[in-house]
Structure formats: C-alpha cells, structure tokens
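In what follows, a structure is listed as structure tokens, so that the remarks can point back to it.
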Amino acid sequence: MVDVYLVGVGGQGIITASKIIGDAALLAGEKVILSETHGMAQRGGSVVCTARIGDRAGPLIPDKAADVILSLELLETLRAECKASKVTVVLSSTERIVPLSVSTQKMRYPSQQEVVDKMSSVARSVTMVDAAGLAGQAGARMSSNIVMVGVLAGSGATGLGRDRFEEAVKANIRRNVDENLRAFALGFDQGKRAKA
Amino acid sequence: MSGILEAEPGDTVLLMGNEAIVRGALEARLSVATTYPGTPASEIGDTLAKVAEKAGIYFEYSTNEKVATEVAIGAAASGLRAMVSMKHVGVNVASDPLMTFAYTGTRGGFVLVTADDPSCHSSQNEQDNRFYALFGGFPLFEPASPQECYDMIKKAFDVSEELGQPVILRTTTRVAHVRGPVTVGEISIGPKKKEFVKEPARFVTVPAVARARHLVLLEQLSKAERMADESEFNTIIRIGDGGRQGIVTSSAPANYTIDAAKDMGLHVDILKLGFSNPVPSRKMLDFLRTHDKVVIVEELEPVLETQVRSLAQREGLGTKVLGKMDGYMPRAYEYDQAIVTHGLARAFSKDLNEAGKCEPPHDLPTRPPVLCAGCPHSATYYAVNKATNKKALFATDIGCYTLGVAPPYSTADLLVCMGSSVGTAGGLAKVNDLPVIAFIGDSTFFHSGIPGLVNAVHQGHKFLVMILDNRTTAMTGHQPHPGSARDPCNPGAISVSIEEVVKGCGVKWLKVVDPYDTSAMIEAVKDALTQDSVSVVIARRECALIAKRDEKGAILKKHYIDQEACKKCRTCVTKFQCPAISSIDKLQTIDEVLCAGCGVCAQVCPYKAIKEAP
Chain A
1279 MVDVYLVGVG GQGIITASKI IGDAALLAGE KVILSETHGM AQRGGSVVCT ARIGDRAGPL
1339 IPDKAADVIL SLELLETLRA ECKASKVTVV LSSTERIVPL SVSTQKMRYP SQQEVVDKMS
1399 SVARSVTMVD AAGLAGQAGA RMSSNIVMVG VLAGSGATGL GRDRFEEAVK ANIRRNVDEN
1459 LRAFALGFDQ GKRAKA
Chain B
78 MSGILEAEPG DTVLLMGNEA IVRGALEARL SVATTYPGTP ASEIGDTLAK VAEKAGIYFE
138 YSTNEKVATE VAIGAAASGL RAMVSMKHVG VNVASDPLMT FAYTGTRGGF VLVTADDPSC
198 HSSQNEQDNR FYALFGGFPL FEPASPQECY DMIKKAFDVS EELGQPVILR TTTRVAHVRG
258 PVTVGEISIG PKKKEFVKEP ARFVTVPAVA RARHLVLLEQ LSKAERMADE SEFNTIIRIG
318 DGGRQGIVTS SAPANYTIDA AKDMGLHVDI LKLGFSNPVP SRKMLDFLRT HDKVVIVEEL
378 EPVLETQVRS LAQREGLGTK VLGKMDGYMP RAYEYDQAIV THGLARAFSK DLNEAGKCEP
438 PHDLPTRPPV LCAGCPHSAT YYAVNKATNK KALFATDIGC YTLGVAPPYS TADLLVCMGS
498 SVGTAGGLAK VNDLPVIAFI GDSTFFHSGI PGLVNAVHQG HKFLVMILDN RTTAMTGHQP
558 HPGSARDPCN PGAISVSIEE VVKGCGVKWL KVVDPYDTSA MIEAVKDALT QDSVSVVIAR
618 RECALIAKRD EKGAILKKHY IDQEACKKCR TCVTKFQCPA ISSIDKLQTI DEVLCAGCGV
678 CAQVCPYKAI KEAP
C-alpha cells in the first residue's frame, strides 16, 4: 500500500497529476482510490489531492501516514508537514506562487532552504526539483505537474513501472503529447536522485 | 481513461463518484436528466451535458433546483425514467414539489441525487439530507464508493419503478469527488417519448386525493422496508474474528470504519447500510440481538442512531448502543480515519495511540481562494467602496462574488442562501438608515432573485440591487443559465434578457455599466443610491476566465508598474485586490503572465504609475 499526498495551488494541474497516478495504478492491476476538494479551492487557493494505491477503503490520508508528499509549490510543501513521518519521501517543485497574504498582511514567504530543513527534520528524504525549468526545457511550459509525476515515477516510491506512467500520461493529456512525455522523462531522471 | 460512453461492458475504468452515477443511469434506461449546478454535485450535470446528445437522452441545466425537479417529475409521471441532481441545499429549494411527489408517486423510475457537504468545503451549511428521506418518505441509497454509486443508481431506478415511489440517492463530498475503479456494464437508454395517461385521482393533489395518497405512501414504505431487509447493499463485514462487538455505519464513514477497525486489530462485525431508509429493521434487530455492544458511526446527525435506539427500546433489548448522543462520536464536520479510530477506541475501551497526532503549522502565509486577475467583480467592489466610502450595508449572495467578504473589499454583511440578497436587503433597508446594496450574480438572479425584486418594487423598499452579470455560472464551472447566449445542451436556447426581466418587475431606475470603467461605475452607484425606490445596476462584463483574449493573452491591454512613478502608497494592494499584483519588500510589481489586461489597476493608482505595457 502506497499513500501519495499531492499538494499545490488551484490551476497547477494537481487533479490531472492525481488522475495519471490513478490510471498508472489501475493499468498495473492495483487497487486505487483518489480524492480531491473542489469548489472555492479553484480560485487560486491551496489544493490537496490524495492517491491511495492498495487495499484501502477511505480516500483520506491520516496525519503522519503519507508515503510520498508530491508538491507542485514550495509553500504548500511546508503546509503538508503533518502528513510526513520518518518513512515519507518528499518530492517538491521549487516553484513559488506568492499568495496575496504575503502582500497584504506582510507575511514572509519562506526560503527554499527553510523548506528543505523543516521537511528534512520530519521526513525520510527531501528532493527539490526545478519543475518549471524542466517543463520549459521540454517545450511544455505549463506542464510542471507532468514533470513532478515523472519525478514520482523515477523515485520508485510507488512501485509502478515507467511504462504504466507513460501510458497514463498519454491517456490523460490530449495536447502536446510528445512535449509532455519529454517533461515526464526529464522529471523521471530527477526522481532517481530521491532516496525512496 | 475511456470516456463515460466509450467504456465497454466488463471494462474497469477510473471514475469519479459523480461520473459513476451518470454511467450507471445511462445503463438504467434513463430518458430525462435535469440539474442546477452546485458543488459537490456539479460533475453529474457537466458529464451529462457532454454525453446527452450522443447518448440520446434529454438533459437540461434548469433555472433552479425546484424547476429541475418539476421537469423531471413531468417526465417520470409520464412513465419515463428521470434523474435530477443537486447539492444538499438545493434540495431545500426543491423540497416543495418533492414532498408531495412522494404522495402521487411516479410511473417511471425517479431518482433525486443529493450531494451533501460535511465540513462545508464549498457550502453555507452542512445539513444532513438523510432527514429528507425520513421527512418525505423516500427510499434512500447511500453509496460509499464510485463502484457503489454506479451499482446503487441502477438499483435505485428499479426500486423506484417497482414501488412507484421517488427515491433519493445521497452522496457526500468524499463519495462524489472520489475517483476509484468502476466495472461497467452495457448502456441502455430509455425511450424519448411516452404519453401521459390521465389519472387525476392520483396526480392532482387536491385534499381528497392527498389524503388517500398519504396512505398509499405509507403502504409503499413498508414494502420498501422489506426490500431494504433483503438488499445486497445492507451487509455485514467481519473484521478479525468478529464476535459480540458490532458497528453500524453507512456512506463515507463506512470506509474510515473498515480501515480503522483493521488498523486497530479489532474483532468486530460491521453492519454497513447502503439502502438505509426505511431502516431494515429485521436485519438491524438480528444484529442487535447477536451483539452486546453496538457503536453507530455516521457523519453529522444521529439519524441511524435515533432509529437503532428506538428499535432496541421497542423490542426491549439490552444491547448497549453507543454513538454521538452520548458523546462517543462527533456531530459536526466530516469524519476521517483518525476521528473514527478515536471514537471506537473509547467505545471499545482500547488504548489510543496518540503518536499519530499533529498540529498543523500555523505561522505560514495563508492561501485562501481569491477573485481572479481581471475578475469584473473585483472592479465592481472597488468602485462600490469608492462610491460609498464603505458606509453601506451589503447583502450578498452565492457565487464567486461571495469572496468579496474578505479584505480589502469587505463587501458582504449578510448571506443565508441562493437569492437571499434581494429579500434580506428589503428587511435591512426597512430598519436601517445606512444605504443598502444587494449583490447577486446573473445565474443566481434567475435562480431565485426575481421574486425578491418583485417584492421590493411592490412594497416600495428602497435599496440598490447590483446584478453582477459575468454571463455564466462561474463558481461551479461555467455552466449556462437562462441569460446565456449559448447553451451547449440546447442549440436553440433563447437568451432571456436581464434588463427586460428587471423592467418587467416594475423597476423604474436601471443602468447597465461595464465594471472595467471604474469612474462610470462609481457614478452609477452614487446616482442609484439617491433614488426613492429600488434601483438596479447591471455590472456586465464576461468572466475573465472565459473572456476573449488578444495574442498576448490580454482582455484589453497588459499593464506594468513604472517604478519611477510609483510612490509606494500601496493603494493597488490595500484598496484593490489582484493576484497579478504583489507587494513584497516595498516593491510593487505586476506579474506579466498572470496579468489579464483588464486595466482596472491603472484606474486605481492615484499617481498614474500603472501603465499599458508596450
């Protein structure tokens, strides 16, 4: 059983990322259950999805029970702290989407080093990936989410094969399929660095 | 992976609960489907909108939930199968026709899908709609997974037709918005036409008919109870060796209960109810007689618990029943595995491992949902605050514009339900001296704002109604409404003019203003507030998410901040709110990619430091 806790910001394609993980699991003959919260969260708010691979009935991941935290945004990585334990593999994009509260309430956006330090203190490993840069390199500027799915696949944390993920990417992405597969591949190579 | 229609019989596909409901209905001879969008039910309608024509069924986004229900009743009373879907509070709107439809009963299978929202993820309350099943006398199905959504909607149509009674299928956010594997069968669509056979002694509920039909309803409910007793959806799941300890549960909490019991190493029998109203009393009594202690695990209200306790009392059973009435389980918010584990540990006197607890970090910058870059509502709220100097009372309504409650706008003082802005503004205006403004979206105005406006005209109430017309039902995913120029489900749909409706209601002072023109909007609001009767401003500008853009991605023209001209007054972030504008370390900037090019910020800046990008 593998529990993946996905976090990000509305509009980053986190639901698509979770569907790819779900389809990859289904293709591999595994049981899988996904959850998401819609509605107000679409308007630039924090978004959380879960993907539970294996024999679980409930879709939600209890505190300290995530096997993987897959984050598309740096601040949201930190917000996921409670789901981490000493077995958790943290895979985070270094992308920053500065929330309005930083401007209006003069709050401080944490540095990348602070995020790495904090998450390293509660998790097993932390891997930072320049997902936006790699997406641009792949010619799919909007596909940071696919890069991060590649990172997850490359980390080996789900136990699902690369081909399953690639097939799932093709099933969920209609446009610029080649660019997205390239984004996935660049992420995959980065994922190998992760201590999973 | 395959679309809803493409999956072949025997295929296992990953479907959201809402999608599974649609696939199941399409295999259950569905003919007519209606809805009014609302989270977490919206994807039922949105999926139907995509497939209806190809599948050969009739589907419409109706004006509101009451009308949606009535359209479905017309088809079902004629003998075709009909489904109406809505969020939980939508059932309040639909409850008038529903309560009496239970008396007339139905000829074709009729299923109401209600999607409840424990924890109010995107709702104004977390009411428990299982009460409607008890209130009106509806057989009730409660799926716990996408596969059960699919299986139970099919069964619900059969039960409805067999009993001749409307049936409710109730999901919650953690059922409707969960994706899981669903193994599908063969699509089987119902006929398009069926002639209504006149039978006024059944379908025209004058008092004499209603009195007779109430007895029929009660008779059918006792038949429904026997069906529930035999239903394959009411099953016992044994965890460990089972034994004399039991749990009764339904819906999403059943999932957390199964996971918790396994992880805790309990030996327990779980009676999981999927066909939960009428409560299968024979099966329930058997369970109570064979277990010494029974814990009821259900989200929100003690609906099952009340009935289980009542059954135990009626039969004089000594079984210990534990639940939320005695504080073992909470009565508010959605459950999760930790909450259920905590309750079960206390109920079964097991040691609780608190190591799993964690306090979420509280010093991080918050990220609440905000109005988008280029959102016309943002421009309207800025103008209203300028015009009133914030000295006004704001009755607001349900849609994206409810986000105006947050600073810097704070343009929301009272909100209870869809359409309530206009009605409550009348009461506010009657007893307050401050000017009163009602904000209502275009879709919400059609949904239930019109009767309030008629009342205001007739009673001579004095306030301003601002119809925030962004040409769509934005919040729930851009569904069409009666004012829409195009309806994807109905190419011949006629666009109903908001101006004509407003004038038809008898409003004497009406202006249509583009919110992107802030000085015009400020003047219009000032002028409107000097009128002696109810006045209306239609703030018309297409939602920025669907508006036409130029090749640079701008609606009008992208802007930037000229740092030499900027006086660091921060007006652009303290009086106005745009996700593209940030103010960090005394530096105000506009994110070139995020900027929608509405040009409103340039009008907001007192020093003309925000300029059109070259």
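In the order they appear, the protein sequences are chains A and B. Going by our numbering, the first residue of the first sequence is number 1279, and it counts up by one from there. Going by our numbering, the first residue of the second sequence is number 78, and it counts up by one from there. Ideal Cβ placement from N, Cα and C applies to all residues, glycine included. Please read these numbers as outputs of a predicted model, since none were measured by experiment.
Just measuring C-alpha positions, the residue of Arg1386(A), Ala1461(A) and Val1346(A) sitting nearest Ala1472(A) is Val1346(A). Inter-residue distance for Arg247(B) and Asn332(B) is about 16 Å (C-alpha atoms, whole angstroms). In this structure, Ile638(B) lies near Ala686(B), with their beta-carbon atoms less than 8 Å apart. Remark: C-beta atoms of Leu217(B) and Ala337(B) do not approach each other more closely than 8 Å. Residue burial is scored here from C-beta neighbours: Glu577(B) has fewer than 16 other C-beta atoms within 10 angstroms and is therefore classed as exposed. No Cβ of chain A is located within less than 8 Å of the beta carbon of Val168(B).
Per DSSP, the continuous beta strand (DSSP E) segment holding His636(B) begins and ends at His636 to Ile638. A direct Cα-to-Cα measurement between Lys539(B) and Ala489(B) gives close to 18 Å. The bridge partners DSSP lists for Phe218(B) are Leu246(B) and Phe352(B). Under the 8 Å criterion on CB atoms, Arg247(B) is classed as non-interfacial with respect to chain A. The shortest CA-to-CA distance from Val252(B) to any of Ile121(B), Lys468(B), Arg444(B) and Pro379(B) is the one to Ile121(B). With fewer than 16 other Cβ atoms inside 10 Å of its own Cβ, Ala409(B) counts as exposed.
If you draw a straight line from the Cα of Gly569(B) to the Cα of His524(B), it is about 21 Å long.
Put simply, the CB of Leu1353(A) is near chain B, with a gap under 8 Å to one of its CB atoms. Among the residues of chain B, those whose CB is under 8 Å from the CB of Asp1341(A) are Ala415, Gly433, Lys434 and Cys435, following chain order. Counting of Cβ neighbours within 10 angstroms places Asp1395(A) among the exposed residues, the total staying below 16. Judged by beta-carbon spacing, Arg290(B) lies within the 8 Å limit of Arg279(B), meaning their Cβ atoms are closer than that value. From the listed residues Ala450(B), Lys370(B), Val380(B) and Val461(B), the smallest Cα separation to Ser659(B) is found for Ala450(B). A residue is called buried once 16 or more other Cβ atoms fall within 10 Å of its Cβ, and Leu511(B), having fewer, is exposed. Note on Phe310(B): 16 or more other CB atoms within 10 angstroms of its CB, so buried under the neighbour-count rule.
Boundaries of the beta strand (DSSP E) around Arg315(B): Thr312 to Ile316.
Taking every protein chain shown into account, the CB of Val1455(A) has fewer than 16 other CB atoms within 10 angstroms, so this residue is exposed. The criterion of a C-beta distance shorter than 8 Å is not satisfied by Ala533(B) and Val573(B). Of the residues assessed, Thr191(B) falls on the buried side of the cut-off, its CB having 16 or more other CB atoms within 10 angstroms. For Val188(B), no alpha helix (DSSP H) segment is defined; the enclosing uninterrupted segment is the beta strand (DSSP E) at Phe187 to Asp193. DSSP places Arg321(B) in the coil class of the three-state scheme, outside both helix and strand. Just measuring C-alpha positions, the residue of Gly674(B), Tyr138(B), His419(B) and Met598(B) sitting nearest Asn567(B) is Tyr138(B). Looking at the DSSP output, Ala105(B) bridges to nothing.
Asp306(B) places its beta carbon less than 8 Å from that of Pro357(B). Under the Cβ criterion of 8 Å, Tyr113(B) is not counted among the residues facing chain A.
Between the beta-carbon of Gln204(B) and that of His165(B) there is about 6 Å, and that keeps the pair under the 8 Å contact cut.
In the three-state reduction of the DSSP assignment, Gly526(B) falls in the helix class. Contacts with chain A at 8 Å (Cβ-Cβ) include Ser659(B). Closer than 8 Å to the CB of Leu1412(A) there is not a single CB belonging to chain B.
Taking C-beta atoms as the reference points, Ala152(B) and Pro243(B) fail to come closer than 8 Å. Using a Cβ distance threshold of 8 Å, Thr183(B) and Ala145(B) do not count as a contacting pair.
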